[in-house]
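Residue numbers for the sequence shown follow the working numbering, beginning at 77 and rising by one.
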Amino acid sequence: MTGVARMRRPPPPFRVVTVAGTAPIGPRLTRVTLTGPGLVGFPAAEPGASVRLLLPSPGDPGLVLPDWTGNEFLRPDGSRPVLRTFTPLTGDAERGTLDLAVVRHGRGAASAWVDAATAGAPCAVSGPGRGHAVDPDARGYVLAGDESALPAIGQLLEVVPASIPVRVHVEVAAAGGRIALPAHPRAKVTWHDLDDPTDPGSRLAAAIAALDLADDERVWVAGEAASVQRIRVHLFTERGFPRARATVRGYWKRGRAGDGDDD
Ligand SMILES: Cc1cc2nc3c(=O)[nH]c(=O)nc-3n(C[C@H](O)[C@H](O)[C@H](O)COP(=O)(O)OP(=O)(O)OC[C@H]3O[C@@H](n4cnc5c(N)ncnc54)[C@H](O)[C@@H]3O)c2cc1C
77 MTGVARMRRP PPPFRVVTVA GTAPIGPRLT RVTLTGPGLV GFPAAEPGAS VRLLLPSPGD
137 PGLVLPDWTG NEFLRPDGSR PVLRTFTPLT GDAERGTLDL AVVRHGRGAA SAWVDAATAG
197 APCAVSGPGR GHAVDPDARG YVLAGDESAL PAIGQLLEVV PASIPVRVHV EVAAAGGRIA
257 LPAHPRAKVT WHDLDDPTDP GSRLAAAIAA LDLADDERVW VAGEAASVQR IRVHLFTERG
317 FPRARATVRG YWKRGRAGDG DDD
């Protein structure tokens, strides 16, 4: 049918918060602790879940909350708000705190905001969105991603049962991208250095193509949208890996501001 606007369910309301502090996790990854009464009772998230982070728009010292139009968020003046998606880390729903880990990749609004963020800086969060329900019966897990997926990979490593072997593949785009990951007794972590910055995800795709994979394993992948699309084609079309056993998510898109393909 044409001419009928599709109305989408409104996302959870924004909770206005402020930055309590930032701390380096590695040279390119920064932990941001958010705080505010609005975070009291923030729902516990599954591992690898998401929150939308609303940032002040360029030139605006304060934070203007956008309205839900039925299809997207727009500011009262009709302009698009600065919204980015991140993985909610540990929080304290009683004290009203929530941590995020943001890649400082050097170009985007969120990356620049984290570079400059000081205590008291305003922002807002909405969420959490769905995460990954770990399959306790999987024969093995493959966790793969780039630096933007490291927060989720860390969370997943913490919850995959100790009896399940886990192969972790992480692609880093620059020296200093490697960080300490949570210990897992059966995890083997392989780091890949991206050699061609114009082809993010290429080392990850090659690593996945080189894996032996049994149909009763579980695969979780997140990274640059075009590269994860290549990984989907490889897994599902070329290899015939069962779709129900794989989660493959675009977390960002090369050359475009905003999220990847399926937040
Ligand atoms: C479910 C989900 C969870 C996510 N969790 C996290 C998380 O925990 N931590 C995190 O840092 N990111 C995470 N991301 C990815 C994050 O939303 C994007 O990287 C986002 O584009 C960053 O916003 P920005 O303002 O810094 O850059 P943008 O303004 O969106 O982009 C500006 C430019 O930078 C490029 N760019 C964007 N992100 C990257 C990157 N990571 N590396 C290199 N170049 C990039 C873009 O292609 C564009 O050319 C997640 C995304 C999703 C969908």
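Ideal placement from N, C-alpha and C gives every residue a C-beta, glycine not left out.
Note that the coordinates shown come from a computational prediction; the quantities given were computed from them, not determined experimentally.
query: What would DSSP say about Gly163, mapped onto helix, strand or coil?; result: The sequence as given places Thr at residue 163; Gly does not occur at that position. Three-state DSSP puts Thr163 in coil, outside helix and strand.
query: Can we say the region 149-158 touches the region 231-243, given the rule of at least three CB pairs closer than 8 Å?; result: no
query: What is the DSSP secondary structure of Pro87, counted as helix, strand or coil?; result: coil
query: For Pro227, which option in Ala96, Arg321, Arg104 has the closest C-alpha, if you only look at C-alpha atoms?; result: Arg104
query: Ligand 1 and Ser224: does the residue's C-beta get closer than 7 Å to at least one heavy atom of that ligand?; result: yes
query: Taking C-alpha atoms, which residue in Pro86, Ala322, Pro88 lies nearest to His208?; result: Ala322
query: So what does Tyr51 bridge to, in DSSP terms?; result: Only positions 77 to 339 of the chain appear in this structure, which leaves residue 51 out of reach.
query: Taking only the alpha-carbon atoms, compute the straight-line gap between Thr274 and Ile284 and give it to the nearest angstrom.; result: 19 Å
query: Could you spell out where the alpha helix (DSSP H) holding Ala301 opens and where it closes?; result: 301-308
query: DSSP three-state call for Arg332: helix, strand or coil?; result: strand
query: In whole angstroms, give me the CA-to-CA distance for Gly356 and Glu300.; result: Absent from the structure is residue 356, since the part of the chain shown begins at 77 and ends at 339.
query: Under the three-state reduction of DSSP, which class applies to Pro145: helix, strand or coil?; result: A small fix is needed here, since residue 145 is Thr in this sequence, not Pro. Note: Thr145 maps to coil in three-state DSSP.
query: When the Cα atoms are used, what is the spatial distance from Val218 to Pro164?; result: 21 Å
query: Do we get a CB-CB distance below 8 Å when we pair Ala188 with the residues of chain E?; result: This model lacks chain E altogether; it includes just one protein chain.
query: Please classify Thr78 as buried or exposed, where buried requires at least 16 other C-beta atoms within 10 Å of its C-beta.; result: The predicted position of Thr78 is uncertain, since its pLDDT is 49 and thus under 50; no value can be drawn from it.
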